[in-house]
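Heads up: the sequence shown begins at 1 in our numbering, then just goes up one per residue.
Backbone N, C-alpha and C fix where the C-beta goes; we use that ideal spot for every residue, glycine too.
Read the structure below first, then the notes.
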Amino acid sequence: MSARAIPRERPELHYRLLTAAIGLPLLAAVVQIGGWPFAIVAGIIALLAGAEFVHGWLIPKLPLSAAWAMAPMFGAASIMVMGAHAAWQFVAVGAAFALATFLIGLSRSDV
1 MSARAIPRER
11 PELHYRLLTA
21 AIGLPLLAAV
31 VQIGGWPFAI
41 VAGIIALLAG
51 AEFVHGWLIP
61 KLPLSAAWAM
71 APMFGAASIM
81 VMGAHAAWQF
91 VAVGAAFALA
101 TFLIGLSRSD
111 V
């Protein structure tokens, strides 16, 4: 038997729980404040969620930096989320953008 300890990697759940422990109180504070701070944080969260979606689902084998190359694609959604606080037209433009990307994706599929 070897006296050397085998280094253990931290499980994915550990990082998710740590993020929730730090992020949920911050999110609750921003929700309580409301207004533009909430809109900006919601936009940042939308941007990060878009990057995670593109990296985790569309290009999982490439590094995360490859997902950020597609930032204009999911960055528009972030702008729509932040802009919705200013005017309802941002919501209309966001819905049109979502419908357009859905129809483009549908036209390129075999469905």
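Residue of the options minimising C-alpha distance to residue i
i             : options                       : result
isoleucine 40 : Val91, Ala84 and Trp88        : Ala84
glutamate 52  : Ala42, Ala87, Phe74 and Gly34 : Phe74
Endpoints, the alpha helix (DSSP H) within which residue i is located
i              : result
alanine 20     : 12-33
isoleucine 104 : 88-107
proline 72     : 71-83
leucine 58     : No alpha helix (DSSP H) contains leucine 58, which DSSP labels as neither H nor E.
Exposure of residue i, with buried meaning 16 or more beta-carbon neighbours within 10 Å
i            : result
serine 78    : buried
leucine 47   : buried
histidine 55 : buried
alanine 87   : exposed
Sequence-distant residues of its chain with Cβ nearer than 6 Å to residue i (five each side left out)
i             : result
valine 91     : Ala84
tryptophan 36 : none
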